[in-house]
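Quick notes on the structure that follows.
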Amino acid sequence: MHRQKTSSPAIFLLFLICTSCTSYEISPQIDNNTPVATGQEISNFTYSITSPWENTRFGKSAYEATTLILPRAKDISNTATTMPDQTLEIIILERSSGGACTQEYLTGLSLGLIPSTCKRHEIYKFSFVLANSGSICSHETYSVNSKTFSHILALPSRVFNSGDTPLTLYKSALKSFIKNGKCESL
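All letters in the sequence shown, in the order written, are residues -25 to -1, 1 to 161 by mature numbering (1 follows the signal peptide of the UniProt record, and there is no 0).
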């Protein structure tokens, strides 16, 4: 019998074929069919993000998305004045995923032959508060959960991937809140 030696590149290649898919879901559910134009006109907003990492890519992208969704609104986050009329307060909480789930270790040890799933709850929270002259008119908090499916690459990963990312869910949540959040003039 002839025994073949396994080389390091072959083992590395085997680890590369293991992959995972992550899908995200938001609660409460968002209706994306109504355009933003029917909603509340926002003239000012404040933006804050709490994250275990400094200057996150998500935080920067979410801020850019906010300025595109609210093009006429002024960011008053760094001003020491009182809240003017029609102010939207945006608070984002980004949490660490906490590393690999126990099931994912099993997938890694089996070189991807044993698939696994892992759910992480509230990895993002988006809170929107609409105020008029300092009094709260409307408030909504959205939570984003993730579900990871780890497997060998031979499985079609796009079948399990919903296409929603935390950033697209943030944009949808902000648009939905602007559409539904009402603040009567005092």
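All C-beta atoms, glycine included, are put in the ideal place defined by N, C-alpha and C.
| Asked | Found |
| --- | --- |
| C-beta atoms of Y117 and I1 nearer than 8 Å | yes |
| CA-to-CA distance, F101 to P3, given in whole angstroms | 11 Å |
| Under 8 Å between C-beta atoms of T31 and I65 | no |
| Beta-carbon spacing of T123, T92 below 8 Å | yes |
| Helix, strand or coil at S118 [DSSP, three-state] | strand |
| Three-way DSSP call (helix, strand, coil) for I5 in this model | coil |
| The alpha helix (DSSP H) enclosing T41, as first and last residue numbers | 32 to 44 |
| Neighbour-count burial assignment, H96, 16 or more Cβ in a 10 Å radius | exposed |
| Residues of its chain near residue 172, where Cβ-Cβ distance is below 7 Å and the 5 sequence neighbours each way are ignored | The chain is shown from -25 up to 161; residue 172 falls before or after that span and cannot be answered. |
| Beta-carbon proximity of S113 to K150, cut-off 8 Å | no |
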